[in-house]
Amino acid sequence: PFTTALEVGAGSGANLSFLSRLLPSCSTVGLERSSARVKATEHYKLLIQPFKSTTIIGEYSELSTFAELSHDVVFSCGALTYVPKDDIEDVLRNMVRIAKKTLVMVELHQSNPYFPGQSEGIFMASSDLAFGGFWLRDYKAALGKLISESKITVQKIHNPIWDMAPWREFGSLITVDLS
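Residues are numbered in our numbering as their position in the sequence shown, beginning at 1, plus a constant of 220.
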C-alpha cells in the first residue's frame, strides 16, 4: 500500500477523487497546468469527504520543486501526450526522482515509433482530441535511459475508457517498480 500519491496532469481531480475514496488514508497531490481545471476540483471536494487532496496550478517544470522520493506513487493519465518534445525528458526524470515505490502512467505508447532523426517521438495531429494532436512515444525506451528496463512493464489497454482512435490503437499502462 501507499500513503502519498502525486498525479502529474491532475485535470479536474477525478483520479484524485477516486483515490480519496479507495484509500482514505492516502494523501494526494495533483499538478495541473490549467487553472480552469483546478477550479473544477472544488466539485469533488464537496462530494467526497474527507477529500485529502491538494491540486497545484503550475507547469510540469515545477516537478523539480518536489523533494526526492517524496511520494510513494507518481502517476499520469493521458497528460504526458501533451508534453512538448523539449520537456518530456525532464518531466520523466522528475517523476522517477519523486516516486518512492512506483510510477504508473496511462499514456499513448508505441515501441520505437520514431522516424529517422525523431528521437523525441512523433507528433500526431488529430481532430479527435481537444488539443489538436498528441505525442506518441516509446516510454519504455525513454524511461530506460533513467532506470533499468527490467523494472518497466508496458501493457496494451484493450478496452480504453476513451473511445478515440489513438487510445484504441496506442493506449497503454506503463508501470515502473522502484522499490
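C-beta atoms are modelled at their ideal positions from N, C-alpha and C, and glycine is treated no differently.
Expected contact under 8 Å - CB spacing of residue i and residue j to nearest Å
i: Met315; j: Leu283; result: 7 Å
i: Cys246; j: Thr223; result: 6 Å
i: Ser392; j: Ile381; result: That pair is no contact at about 13 Å.
Pairwise C-alpha distance: residue j and residue i
i: Glu369; j: Thr322; result: 14 Å
i: Arg241; j: Arg317; result: 27 Å
i: Asp306; j: Ser281; result: 11 Å
i: Phe354; j: Tyr302; result: 6 Å
i: Ser232; j: Val249; result: 12 Å
i: Phe238; j: Arg357; result: 27 Å
i: Gly278; j: Asn332; result: 31 Å
i: Leu363; j: Arg313; result: 8 Å
i: Phe295; j: Ala385; result: 23 Å
i: Glu309; j: Cys297; result: 17 Å
i: Lys371; j: Leu243; result: 25 Å
i: Pro336; j: Lys365; result: Low local confidence applies: a pLDDT of 49 at Pro336 is under 50, so the model's placement there is unreliable, with the coordinate-based value given in what follows. Whole-angstrom Cα-Cα distance: 19 Å.
i: Phe388; j: Pro221; result: Here residue 388 is Arg; the residue named in the question, Phe, does not match the sequence. In a straight line, the C-alpha of Arg388 is about 30 Å away from that of Pro221.
i: Leu236; j: Val396; result: 20 Å
i: Phe390; j: Pro304; result: 18 Å
i: Gly229; j: Val311; result: 11 Å
i: Leu349; j: Gln375; result: With a pLDDT of only 48 at Leu349, under the threshold of 50, the placement of this residue in the model should not be trusted; the figure read from the coordinates follows. If you take the alpha carbons of Leu349 and Gln375, they lie about 23 Å apart.
i: Ile394; j: Thr285; result: 24 Å
i: Val293; j: Tyr359; result: 17 Å
Closest residue to residue i among the options (Cα-Cα distance)
i: Lys320; options: Leu398, Arg357 and Leu226; result: Leu398
i: Ile276; options: Ser254, Ser296 and Arg357; result: Ser254
i: Glu252; options: Ile394, Pro244 and Glu227; result: Glu227
i: His291; options: Lys371, Met384 and Ala225; result: Ala225
i: Thr373; options: Thr223, Val324, Asp383 and Phe390; result: Val324
i: Glu327; options: Pro304, Ile308, Val311 and Ala299; result: Ala299
i: Ala361; options: Asp383, His329 and Phe390; result: His329
First and last residue of the uninterrupted alpha helix (DSSP H) at residue i
i: Glu309; result: Ile308 to Ile318
i: Lys365; result: Premise fails: Lys365 is in no alpha helix (DSSP H) and is neither H nor E.
i: Leu242; result: Ala234 to Leu242
Element boundaries [beta strand (DSSP E), containing residue i]
i: Glu389; result: From DSSP, Glu389 is part of no beta strand (DSSP E) but of the alpha helix (DSSP H) over Ala385 to Phe390.
i: Gly250; result: Ser247 to Glu252
Identified DSSP bridge partners for residue i
i: Gln375; result: Leu393
i: Val303; result: Partner(s): none; Val303 has no beta bridge.
i: Glu227; result: Gly250 and Phe295
i: Thr274; result: Val249
i: Leu398; result: The partner list for Leu398 (beta bridge, DSSP) is empty, contrary to what the question assumes.
i: Glu327; result: Ser392
i: Thr322; result: Val293 and Asp397
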